[in-house]
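Quick note on this note's numbering: the sequence shown kicks off at 86 and runs consecutively. Cβ coordinates follow ideal geometry from the N, Cα and C atoms, glycine included. One structure is given below, encoded as structure tokens.
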Amino acid sequence: MSYRNLSECVRDLEQTGQLLRLEMEIDPYLEAAEIHRRVYQAGGPALLFARVKGCRFPMVSNLFGTLQRTRFLFRNTLEAVRHLVELKVDPGAFWKRPWRYRDVPRTLWNMRPKFVGSGPVL
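Pasting the structure below:
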């Protein structure tokens, strides 16, 4: 399953215990950065700051804080991204082994920006 939006990603991390939701009000300038720095250095979970001072939106941090969590987030798309990187490095590889890259057009199509009039925020 790939994520359709950031909200799905955050929900997945929360359900697997890899996200810590902070409900207290956080100052977005120095306080949030210091909390993030300490959690990152400790190899801690992703953070969701639910109440950010002066902002009506929540803030997420440390999503890719560990290699294990990054692999978890991209578990279904990692191979497709790896193929894209291979083709970027050596475009001629497509002609050497076209069957290996048969899913690349679909991957590129799904990566395009999608424009909507309005949408949910976390």
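Considering only M144, P190 and L163, the residue with the shortest C-alpha distance to Q153 is L163.
DSSP, reduced to helix, strand and coil, places S146 within a strand of the structure shown. Rounded to whole angstroms, the gap between the alpha carbons of Y125 and W180 is 42 Å. The segment 118-134 makes contact with the segment 142-153: 3 or more CB pairs, one atom from each, lie closer than 8 Å. Of all alpha-carbon atoms in L193, R167 and E110, the one lying nearest the alpha-carbon of C140 is that of E110.
At the C-beta level, V137 and P113 come within 9 Å of one another. In the DSSP annotation of this structure, the continuous segment of the alpha helix (DSSP H) that includes V170 starts and ends at L163 to V174.
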